Amino acid sequence: MSDTIFLNGMRFYSYHGALPAENEIGQIFIVDITMNVDLSTAGQSDDVKDTVHYGEVFEDVKAIMEGEPVNLLEHLAERIAKRINSHYNRVVETKVRITKE
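Using the UniProt record's numbering, you'd call the opening residue of the sequence shown number 1 and step up by one each time.
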């Protein structure tokens with residue numbers, strides 16, 4: 001069985017972009033994450049250790065978004081998805097959407 005967890009509207013001020021001005025001035029990025037997760041154990045146990053800790057996922061996304069600037073949003077999205085998929089064994093699939101405000 002697969003369930004879905006959404007973390008939407010995470011806002012970060014960062015300096016990513018291919019243009020020099022984007023790296024100097026920075027801008028707001030909005031990140032939405034969709035994780036397909038097997039939550040059957042958590043649904044039965046009601047124990048946080050049996051689910052994906054949303055706060056930890058947020059901190060992982062924040063570290064990437066506020067970290068070293070990159071040129072492409074595609075690169076950021078790939079880094080975020082890889083981090084989530086490799087660190088949270090209950091996550092089956094991750095989708096990442098990054099928009100500039």
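Glycine included, each C-beta is placed from N, C-alpha and C at the ideal position.
Keep in mind that this is a model prediction, so the values were computed, not measured.
Checklist entry - In terms of residue numbering, what span does the alpha helix (DSSP H) encompassing leucine 7 cover? => result From DSSP, leucine 7 is part of no alpha helix (DSSP H) but of the beta strand (DSSP E) over 3-14.
Checklist entry - What whole-angstrom Cβ distance do isoleucine 37 and serine 86 have, given they're in contact under 8 Å? => result One point to set straight first is that residue 37 is valine, not isoleucine, in the sequence displayed. Not quite, the Cβ-Cβ distance comes to about 15 Å (not below 8 Å), so this is no contact.
Item to check | For glutamate 93, the residue or residues it bridges with in DSSP | outcome: Asn36
Next on the checklist: Which residues does DSSP list as the beta-bridge partners of threonine 99?
Outcome noted: Ile30
Item to check | Local Cβ density within 10 Å of phenylalanine 6, reported as buried at 16 or more and exposed below that | outcome: exposed
Checklist entry - What's the call for valine 48, buried or exposed, on a 16-neighbour Cβ count within 10 Å? => result exposed
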